[in-house]
Each structure stands twice: as structure tokens, then as C-alpha cells.
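K.L.:
Top to bottom, those sequences are chains P and V.
Heads up, the first sequence is in the numbering used here, so the first residue is 1 and it goes up one at a time.
Heads up, the second sequence is in the numbering used here, so the first residue is 127 and it goes up one at a time.
Heads up, the beta-carbon is just placed ideally off N, CA and C, and yes, glycines get one too.
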Amino acid sequence: MSLRTSRPVNLNLLSMRFPLTAIVSILHRASGVLLFLAIPLLLWVLQTSLQGEEQFLGITDHLDHLVWKLVIWLVLSALLYHLVAGIRHLLMDMHIGESKQGGRCGAQAVLAISGLLMILCGAWLW
Amino acid sequence: MVTNATAFGRSGLHDWVWQRISAVIIAAYVFCLLGIFVLHPHLDFAAWRAIYATLGMKLFSVLCLFSLFVHAWIGIWTVTTDYLKNVSVRVGIQSVVIVGSLLYLVWGIDILWSV
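#1: Only counting the same chain, and skipping five residues up and downstream in sequence, which positions put a Cβ closer than 6 Å to that of A198/V?
#2: Do you know offhand how far L13/P's Cα is from V164/V's?
#3: Do the segment 21 to 40 of chain P and the segment 190 to 208 of chain V touch if we need at least three Cβ pairs shorter than 8 Å?
#4: Going residue by residue through the segment 158 to 232 of chain V, where are the continuous beta strand (DSSP E) segments of at least 3 residues, counting only ones entirely within it?
#5: Any C-beta of chain V sitting closer than 8 Å to the C-beta of V33/P?
#6: State whether the segment 44 to 60 of chain P contacts the segment 91 to 100 of chain P, with contact taken as three or more CB pairs (one from each stretch) at a distance under 8 Å.
#7: Tell me the DSSP secondary structure of V9/P in three-state form.
#8: Would you check if there are 3 or more beta carbon pairs closer than 8 Å linking the segment 134 to 148 of chain V to the segment 43 to 51 of chain P?
#9: Is the distance from the Cβ of L191/V to the Cβ of L231/V below 8 Å?
#10: Could you compute how far the alpha carbon of L11/P sits from the alpha carbon of A30/P?
#11: Mapping the DSSP letters down to three states, classify P40/P as helix, strand or coil.
#12: Please compile the residues from chain P whose C-beta is within a distance smaller than 8 Å of the C-beta of F134/V.
#13: With 8 Å set as the bound, which would you pick, yes or no: does the beta-carbon of S49/P sit closer than that to a beta-carbon of chain V?
#14: So, with DSSP's three-state summary, where would you put R17/P?
#15: What three-state label does DSSP hand W68/P in the structure shown?
#16: Considering Cα atoms alone, identify which of V45/P, A109/P, A78/P is closest to L63/P.
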């Protein structure tokens, strides 16, 4: 009992850091939830763009607006990140990059590749 | 064996397989759309509508929407089961997500068949 009560307690949460693999994992989840919330927006864009010439041009006009551009870029970024992180999952299902070091390398690759794709996507939009 | 009424499949393995099959279909659809945007940098309304008027694109789109329904159900179920400990809150949100995903699927089919 005395062992239990004298056990050291670490109350400083800032001294704990997530490993890179955990950050990549939580971002995969967060981007998935964001994409789910974005489904109605994407369906609305598809619906409006297919309704007629006027509506189609209205959507492309919307895309010139900064706020809309940022929203679309955010959604596409979440999609790109989720896609790249998902491909890493499929590779790990095939026993590629399953070791501790392999997992770290994979996590770094996901951040690097998706970051590059997000920049390219932004360049394409602007 | 642990079972949960709001899970998509009958078992964890069942969900695992469906999550991956649906992921591959959605990824293929994203690459297809990307290919369209790259091949037609100045896509106008007539070309855009013509693409969606083909039966092949309609079927692929419905397949993608169905995959999205499955993938969202499994994914949101997993995340909410991990973080929401209150049973009524969790089952409530999971039910809304399942019904919402189904509505998105029907809405999507309506969009595609009005072209």
C-alpha cells in the first residue's frame, strides 16, 4: 500500500509529447470527420454545377471569392491528406513499413507528400 | 464476442474489409476526377455535363457514393466509439450519422439521374 501512495505523479501534461506516428493517426481521423461534414457542400456544388450554364458559371464565380477558395482548399487538403494516410494504411496491411522505424518513416512520408500536394492544390486554385 | 448494434458489419473483420474495399473505390473515383481536371484545364459547362450524362460516369458515381456511405459509417463509428463514453450521446450521434449518410446517398442518386 505504501508503494501505491508514494508513486510519483506527473502532473505536467506539457512534458508529454505525441510521437509522430500518433500525430499522423489523429490527423487521419480529424480529416475524415471534416470530410464527412463537407459531403453536403460537395454534393451541393455537384448539383448546382450540373443544373445549367448559369449555375455552373455561378459556382466558378464563387471560387474567385477568397473565403470560398479557402474553404475548398481546406476540404481538398483534408481529402489529399486522408488519401495519402489511407494509402500508408493499405501498404501496412501488406506488411510494408510495419516496424517501429518503418512506421516513423511512413509517418514522415505521409506528412511530406500530403504537404507538397496541399501546396500544389493551393497553386492550382490560385 | 463484443457486438454493437450501431456498427456497420457483424464483426471487426467485416468492417475492416468493407472499409478497405470502399476506400479503394473512393480513391479510384478521386483519381478519375483528377484526371478529368488535368485533361480539361478549361472545362466548360457543356463538357462537364456531357461527362456526367454517360451511364458509365453515373454508375461509377453511385458506386463511389455507396462506398462513401459505408466508409463514413465505419469511420465515424470507430472515432465516436473511441472518444464518446456516454452511451446515449454516442448512440445518438452514430444514429444521426447513419441516417445522414443514407440521405446523402439518395440525394446523390437524385443529382446524377437529373442530368
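P.N.:
So, from the data block:
#1: So the qualifying residues of the chain are S227.
#2: Rounded to whole angstroms, the separation of the alpha carbons of V164/V and L13/P is 47 Å.
#3: Output reads yes: the segment 190 to 208 of chain V touches the segment 21 to 40 of chain P.
#4: Listed in chain order, nothing qualifies, since the segment 158 to 232 of chain V has no complete beta strand (DSSP E) run of 3 or more residues.
#5: Cβ-Cβ to chain V under 8 Å: yes for V33/P.
#6: Two segments are said to touch when three or more pairs of C-beta atoms, one from each, lie closer than 8 Å; by this definition the segment 44 to 60 of chain P does not touch the segment 91 to 100 of chain P.
#7: Note: V9/P maps to coil in three-state DSSP.
#8: Three or more beta-carbon pairs separated by less than 8 Å are not found between the segment 134 to 148 of chain V and the segment 43 to 51 of chain P, which leaves the two stretches without contact.
#9: A contact, by the Cβ cut-off of 8 Å.
#10: L11/P and A30/P: Cα-Cα distance of roughly 27 Å.
#11: The answer is helix: DSSP assigns P40/P an H, G or I state.
#12: None at all; the shortest Cβ gap to chain P is about 14 Å.
#13: Judged by the 8 Å Cβ criterion, S49/P is in contact with chain V.
#14: Assignment of R17/P by DSSP, reduced to helix, strand and coil, places it in the coil class.
#15: Correct three-state label for W68/P: helix.
#16: Closest option to L63/P, Cα to Cα, is V45/P.
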